[in-house]
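Written as structure tokens, this is what we have:
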């Protein structure tokens, strides 16, 4: 069986977010505070937040006392960082120039799948201070099973699919293997939370995802109406199994053990 095409190669999707920057900032979830506290262990921690988007994770890290630099390629998304007072440099990570800077923590919030890992991992190794950490983070919000089946059936008619749990597990397994090849030791941290969305808030969230953003306008309108009809006034009960892969350099870990 052929390997799935890496999503970072789909530049149309990767570069689509600026068109929904306001909606993205308004409706994308914040990360559970328990994950933020796990990362910001002391005031003044230096952080590079890669693919920062509108600065959702950056702002949370700054509020916890970190000194954050955001890197974001999209002009409209980066403008929201600027409006929040978040220091940023506009660039893709692959093209971004470190200029001999190093960081205690490098974060990717919902963004690692948009970079070329063959370029990113060697570069990341050189960016971390001694004992520094890399954190790959995702909010993973799923509606209840009965609701999800109906939504997925309709979405599939428009070419919008959600990875099955087996595919998602395989993707995470492959990511762990990739990180180990890059000489990173990985700690998996998961934080769950129960959520409820109104119908309109759920639809607004869903339509900030790139596979919805790139739909033709007529298809987007039709899909939204059909999903709204399915949900009615009940809204959506969902679970967020937020995931952080917290990585340290294997050679540093081994050295610390003597």
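Numbering (this note's numbering), first residue to last: 108 to 365. Backbone N, C-alpha and C fix where the C-beta goes; we use that ideal spot for every residue, glycine too. These numbers were taken from a predicted model, which means no experiment stands behind them.
Residue i versus the options, residue with shortest Cα-Cα distance
i           : options               : result
residue 132 : 207, 316, 151 and 176 : 316
residue 252 : 150, 122, 158 and 343 : 343
residue 290 : 282, 276 and 169      : 282
residue 115 : 149, 200, 150 and 162 : 200
residue 303 : 269, 346 and 148      : 346
residue 250 : 235, 341 and 149      : 341
residue 300 : 268, 140 and 326      : 140
residue 197 : 162, 326, 260 and 298 : 162
residue 305 : 134, 235 and 357      : 134
residue 146 : 288, 294, 186 and 325 : 294
residue 188 : 203, 169 and 202      : 169
residue 327 : 261, 298, 270 and 297 : 261
residue 297 : 219, 320, 351 and 314 : 351
residue 336 : 254, 277 and 284      : 254
residue 120 : 325, 318, 324 and 248 : 318
CB-CB length for residue i against residue j, believed under 8 angstroms
i           : j           : result
residue 124 : residue 172 : The Cβ separation is near 28 angstroms, so there is no contact.
residue 240 : residue 112 : The Cβ separation is near 30 angstroms, so there is no contact.
residue 265 : residue 322 : 6 angstroms
residue 275 : residue 138 : About 19 angstroms separates the two Cβ atoms, so there is no contact after all.
residue 292 : residue 357 : 5 angstroms
Paired residues, beta bridge with residue i - DSSP
i           : result
residue 344 : 303
residue 291 : 356
residue 142 : The partner list for residue 142 (beta bridge, DSSP) is empty, contrary to what the question assumes.
residue 351 : 244 and 296
beta-carbon residue i near the ligand ZN non-hydrogen atom, thresh 6 angstroms
i           : result
residue 259 : The ligand ZN is not among the ligands present in this structure, which contains no ligands whatsoever.
Touch test, the stretch 186–196 against the stretch 211–218, Cβ-Cβ under 8 angstroms, three pairs minimum: no
Ordered list of beta strand (DSSP E) runs contained in the stretch 146–210, each at least 3 residues: 153–157 and 174–178
Taking 8 angstroms as the cut-off, does the stretch 174–181 touch the stretch 243–255 (at least 3 CB pairs, one atom from each stretch)? no
Three Cβ pairs or more, each shorter than 8 angstroms: is that satisfied between the stretch 325–345 and the stretch 223–239? no
Which runs of the beta strand (DSSP E), 3 residues or longer, sit entirely within the stretch 199–285? 210–216, 235–245 and 248–250
Taking contact to mean at least 3 C-beta pairs separated by less than 8 angstroms, is the stretch 150–159 in contact with the stretch 200–210? yes
Segment contact, 8 angstroms Cβ cut-off, at least three pairs: the stretch 226–237 with the stretch 301–316: no
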